[in-house]
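Keeping their order, the protein sequence lines are chains A and B. Residue numbers 835 to 1122, in our numbering, belong to the letters of the first sequence in order. Residue numbers 835 to 1122, in our numbering, belong to the letters of the second sequence in order. First comes the structure, then the notes that go with it.
Protein chains: 2
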Amino acid sequence: MDADARIEARLHAAIERAGGKGCPPRFSEALAYAVFPGGARVRPQLLLAVAAACGDPAPDLADSAAAALELLHCASLVHDDLPAFDDASLRRGKPTVHAVFGQPLAILTGDALIALAFETIAVARAPDPSRLPALTALIARSIGAPNGISAGQAWESEPAIPLEQYHRAKTGALFVAATMGGALVAGGNPERWRTLGQKIGEAYQIADDIMDAAGGGEAGKGAGKDAQLCRPNCVHELGMDGAIGRLKARVSEAVASIPNVNGADRLRQIVTAQAHRLVPKNIAVPAE
Amino acid sequence: MDADARIEARLHAAIERAGGKGCPPRFSEALAYAVFPGGARVRPQLLLAVAAACGDPAPDLADSAAAALELLHCASLVHDDLPAFDDASLRRGKPTVHAVFGQPLAILTGDALIALAFETIAVARAPDPSRLPALTALIARSIGAPNGISAGQAWESEPAIPLEQYHRAKTGALFVAATMGGALVAGGNPERWRTLGQKIGEAYQIADDIMDAAGGGEAGKGAGKDAQLCRPNCVHELGMDGAIGRLKARVSEAVASIPNVNGADRLRQIVTAQAHRLVPKNIAVPAE
């Protein structure tokens, strides 16, 4: 199976378990609606790519870790779209979870997807049982406090936002969990893979800012949402050319940080190819 | 250290970690506010009591599991108090998290406490590493879907609520996690402890209904909130005497279900004593 099929299969199994016997029917629908059809599944793809570069000796665990990351990403999107945050009516081109199912089920969907992510890891087959708690701790930190997604988002409620720290927590943390998690499940040394996740996270954030300024983006959130919500955006700071230059630099640094494992060449190609897809062709191609 | 001190110490350590370096200052405050000062810490007390009845051979793991349950309970209260659900302004006699910190931080506080609970388990010292994933799976199911707290709460968004299933998921699941988790951390057989958790959960739900009908309750939610929100309440169904009779029956069944471990006598005393405290003396004493 290719990476896409592995990710979707594990996500389907998880959502079927959560929405199965005993689940309130509308809640079951909401859980599936929040996860399918997916976006680019960038984070689980990255985790599997790193695991593959390390030889992928524990594919079942890698699939579970990848699915867990995507469930957490989906949870964060569902909560982020709520009226208390972005008040978004569209996500990936369709109505948001709260727009369809109401705010109570949207809040509960996020909560249940977080629980499901940890359950998915906990029931994975691991060649060494100590990898499961290590992975759980890594992933829990990437979504919690002080430096995970929740903390990143919480900066929006402070009088001043430290821009770098905000992006590192809100966007970068899950990319770092992807690269370090990919190494961890494959028995590698997670610390050697931290920079790759950080740099890709930064590139992704810059691409998101570019897409917002130009209109479009993963969220399908519509042009200029950041300006409208007084959110920091590096295009406002550097101009479009400056932002594209910074994006290229981050991708170069990401590629350069890849440790010399057997599958490093293939991973470098994947990261470079993904970077080309970050920004639509009519804006710029961040080629290296 | 007694159980109270063990629980508070582990909760303080967890909240200090989450609210530490890098955490947005108001978010750090909100996390602590949601957890301290606590209520009766009923669920972690129950977990530690079961672990003690089983000999408590792994106290560090027991403390972490107990703290994790309380963090999850606090998370569920913070989300449950939101305007989308109970719209409560008071909890344990003080303003709710969203009343003080706003809805965005309240939603994020719940999310981060869930993550923190799983991190707390993941970093615990376990005599056998396979106990950590088993505990993680047990606890994740107790808060997620199809049969955990989120699913229980989600029944409130359905056109009809199956009363027993609703209470079992919304209130009972975390009590079952407490008794089964207490056995699991101590190397016992969790399945033998399921009934105890279920019966205590049912007793607790009935007590909550009684308190709501009479005014008061753990939530300090004010009298008649269930009637006001059209929530099912067994006092409406059975009358006050009938509800008290059912509460006594559940406590008896709970005590009778305790497996014959070395510490069973002491645990029977604890469960009976706790049951006396479920309902204020001016209503009734559910003595056995």
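By construction, the Cβ of each residue, glycine as well, lies at the ideal position given by its N, Cα and C atoms.
Annotation note: the stretch 987-1055 of chain A contains the following uninterrupted alpha helix (DSSP H) runs of length 4 or greater, listed N- to C-terminal: 997-1001, 1007-1019 and 1028-1048. In this structure, VAL1113/A sits away from ALA1047/A, with a CB-CB distance that is not shorter than 8 Å.
In this structure ARG1002/A is buried. Its beta-carbon is surrounded by 16 or more other beta-carbon atoms within 10 angstroms. In the three-state scheme derived from DSSP, where H, G and I count as helix and E and B as strand, LEU924/B is classed as strand. Here GLY1022/B is buried. Its C-beta has 16 or more other C-beta atoms within 10 Å.
Residues of chain B whose Cβ lies closer than 9 Å to the Cβ of GLY873/A do not exist; the shortest such Cβ separation is about 20 Å. Comparing alpha-carbon positions, the option among GLY1015/A, ARG1026/A and ALA909/A lying closest to ALA971/A turns out to be GLY1015/A.
Among the bridge pairs identified by DSSP, PRO929/A is matched with LEU924/A. Of the candidates ALA1109/B, ASN981/B, PRO859/B and ALA994/B, ALA1109/B places its Cα closest to the Cα of LEU1081/B. Between ASN1023/A and chain B, the shortest Cβ-Cβ separation is not below 8 Å. Chain-ordered, the chain B residues with CB closer than 7 Å to the CB of HIS913/A read ILE941 and ASP945.
The beta carbon of GLU1087/B sits no closer than 8 Å to any beta carbon of chain A.
Counting of Cβ neighbours within 10 angstroms places ALA1107/A among the exposed residues, the total staying below 16. Against CYS857/A, the close residues of chain B are ALA979, PRO980 and ALA985, in the order they occur along the chain (beta-carbon pairs closer than 7 Å). For PHE935/B, the three-state secondary structure derived from DSSP is helix. LYS928/A counts as exposed, since fewer than 16 other beta carbons sit within 10 angstroms of its beta carbon. Around PRO1024/A, the same chain offers MET1014, ALA1017 and LEU1018 as residues with beta carbons nearer than 6 Å, after the five sequence neighbours per side are excluded. Only exposed fits CYS1064/A, as fewer than 16 other CB atoms lie within 10 angstroms of its CB.
If you draw a straight line from the Cα of ILE1092/B to the Cα of TRP1027/B, it comes to about 7 Å.
One thing to note: GLY1035/A has its Cβ within 8 Å of the Cβ of VAL1010/A.
The continuous alpha helix (DSSP H) containing LEU895/B extends over residues 893-914. Taking the Cα of LEU916/A as reference, the smallest distance to any Cα among LEU939/A, GLU904/A and SER898/A is reached at LEU939/A.
Pairing ALA1077/A with ASP1043/A gives a Cβ-Cβ distance under 8 Å. Annotation: the continuous alpha helix (DSSP H) that includes ASP1099/A extends over 1098-1110. Here DSSP, grouped into helix, strand and coil, assigns ALA874/B to coil.
Under the criterion of beta carbons closer than 8 Å, ILE977/B and SER984/B qualify as touching, at roughly 6 Å. A direct Cα-to-Cα measurement between LEU966/A and LEU882/A gives close to 16 Å. The DSSP-derived three-state label of ALA960/A is coil. With its beta carbon at least 8 Å from every one in chain B, GLY1031/A lies outside the interface.
Residue state for VAL1089/A is assigned as helix, using DSSP reduced to three classes. Residues of the same chain with a CB within less than 6 Å of the CB of GLN879/B, apart from the 5 flanking positions on each side, are ALA837 in chain order. Counting C-beta atoms within 10 angstroms of its own C-beta, LYS855/B has fewer than 16 neighbours from the protein chains shown and is therefore classed as exposed. Chain-ordered listing is empty here: chain A has no CB closer than 9 Å to the CB of LEU1008/B, the nearest sitting near 12 Å. Here the alpha carbons of GLU998/B and TYR1038/B stand approximately 13 Å from one another. By the neighbour-count criterion, in which a residue is buried when 16 or more other Cβ atoms sit within 10 angstroms of its Cβ, PRO859/A is exposed. Residues of chain A with a Cβ closer than 9 Å to the Cβ of GLY936/B are, in chain order, ALA918 and SER991.
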